[in-house]
Amino acid sequence: MRKSLLATLATLGMLSAPLALASTIEIQVNNTMSEGGSESAAVERFAEYLEEQAPGRFNVRPFLAGSLGSEDGVLELLNLGQTQISITGGNWRQQYAPEYDAITVPFLFSTWEEVDAYMESPSGQRLVEIAEEKGGLKYFGTQHRGPRHMTANKAIHTPEDLQGFRLRLPSLPVWLQVWEGIGAQVVNVPAPEIYLAMQTRQVDGHENSLSSPYTRRLWEVQDHIILTSHVQFPWNWVASSRWWNGLDEEDQALISEAIDVARQHGTEVERELDEYYLEELEKAGMTIVEPDIEAFREAAMPSIERVMADMADGVLEDATGGNGND
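Numbers -22 to -1, 1 to 304, taken from mature numbering (1 follows the signal peptide of the UniProt record, and there is no 0), label the letters of the sequence shown in order.
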């Protein structure tokens, strides 16, 4: 896939920096994921669109698989103006404005429409403003990823089924608090050890997008996919404000258009991949379970309220559309 992406960019004349004209604008696009997914598809579409609209004007250089650094490292480079664009996860929200980061809270949002509406709300816009003030980020919008679900060694339909269930989670305090509140026994296992932990019964399940059980072949050590959709965790297209503010308005407008096109394309590719993963996991023998989501949300609500109590005024109202606990 890397050869395919590089070949496409080479065909478009975007990997020939030494031969580029003096007026050519270099754009490094960073992401932590490897080639072959919706992220690299979005970068490729971004490059294609710019070349279609302004041949030779832009030199797009992908830095995928964290080749220019971790998410936090790239955020620092963006702040300093030493790289241009990143398709970044949620670290920027936690780093610059955790008091407005409702998106990280499990079971708070049910759909992507709700996530996008929150980002357009006063709280979401304040989050964007603080990230620009503190981190030097220019925010362009979300690119949707597959929702996070559970895998398990048994069928789970309600929170009662989680009693004594050892759930592997990343070390994200908000997630730990909510899942413990629901009833799970939280276990921290490094990502590379997930398969072994399941194989040795150190854990009974884990949560992630469907790409995780597919790429890790977890059907060999797990029986069920539980479609909890508990977190809609987007990619976010951001740019260095230092770099962005130095561009002509015409170039800014064109880059903004290209990002919108790329975000939509990446979202569609991700949707198709998510459907593919689910079909393949079922073919591999995993049982697909649709749990009682409202029961999980009700069980999570006391923990959610405690988490939200530490956030800025108005965040809970904006996250729930003004409906409080409804």
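Built from N, CA and C at the ideal position, the CB exists for glycine as well. As the structure is a prediction and not an experimental result, all values here were calculated from the model.
- In this structure the stretch 57 to 77 lies against the stretch 104 to 114, because at least three pairs of beta carbons, one per stretch, are closer than 8 angstroms.
- Taking a cut-off of 8 angstroms on C-beta distances, the stretch 42 to 62 touches the stretch 213 to 226, as three or more cross pairs fall below it.
- In the displayed model, Phe211 falls within coil according to three-state DSSP, outside both helix and strand.
- In the three-state reduction of the DSSP assignment, Ala262 falls in the coil class, being assigned neither a helical nor a strand state.
- Taking a contact as a CB-CB distance under 8 angstroms, the pair Gly244 and Glu17 counts as one, their CB atoms being some 7 angstroms apart.
- One Cα belongs to Phe85, the other to Val209, and the distance between them is close to 6 angstroms.
- Taking a cut-off of 8 angstroms for Cβ pairs, the stretch 110 to 123 and the stretch 140 to 150 do not touch, as fewer than three such pairs fall below it.
- By the criterion of a C-beta distance shorter than 7 angstroms, Pro137 is surrounded in its chain by Ile160, Gly161, Ala273, Phe274, Ala277, once the five residues flanking it on both sides are discounted.
- Of all alpha-carbon atoms in Glu158, Glu198, Gln163, the one lying nearest the alpha-carbon of Met176 is that of Glu198.
- As the crow flies, the alpha-carbon of Ser45 is around 38 angstroms from that of Gly292.
- A distance of 7 angstroms or more separates the beta carbons of Leu232 and Gln62.
- Sequence-distant partners of Leu196 (beyond 5 residues in either direction) whose C-beta falls short of 6 angstroms from its own C-beta, in its chain, are Thr129.
- Bridge partners of Gly119 according to DSSP: Trp215.
- Within its own chain, the residues whose Cβ lies closer than 8 angstroms to the Cβ of Asp270, once the five positions on either side in sequence are excluded, are His135, Thr136, listed in chain order.
- When Pro125, Asn9, Gly68 are compared, the shortest CA-CA separation from Arg39 is found for Asn9.
- Pairing Tyr255 with Tyr173 gives a Cβ-Cβ distance that is not under 7 angstroms.
- The residues Ile172, Tyr173, in chain order, have a CB closer than 8 angstroms to that of Arg194 in the same chain once the five nearest residues on each side in sequence are set aside.
- Straight through space, the alpha carbons of Glu248 and Gly15 are spaced by roughly 7 angstroms.
- Here the C-alpha atom of Val52 lies approximately 37 angstroms from the C-alpha atom of Ile266.
- Ranked by how close their Cα comes to the Cα of Asp238, the residues Gln200, Trp213, Arg179, Phe87 have Trp213 in first place.
- From the listed residues Leu294, Val7, Ser88, Glu227, the smallest Cα separation to Leu205 is found for Ser88.
- Asp296 and Ser101 do touch by the CB rule: their CB atoms are close to 4 angstroms apart, below 8 angstroms.
- Around the beta-carbon of Pro125, 16 or more other beta-carbon atoms lie within 10 Å, marking it buried.
- Look at Pro170 here: in three-state DSSP terms it is helix.
- Between Thr120 and Asp94 the beta-carbon gap is near 6 angstroms, inside 8 angstroms, which marks them as a contact.
- Rounded to the nearest whole angstrom, the CA to CA distance from Pro170 to Ser190 is 11 angstroms.
- Exclusion of the five residues before and after Glu185 leaves Arg126, Met128 as the residues of its chain whose Cβ lies within less than 6 angstroms of its Cβ.
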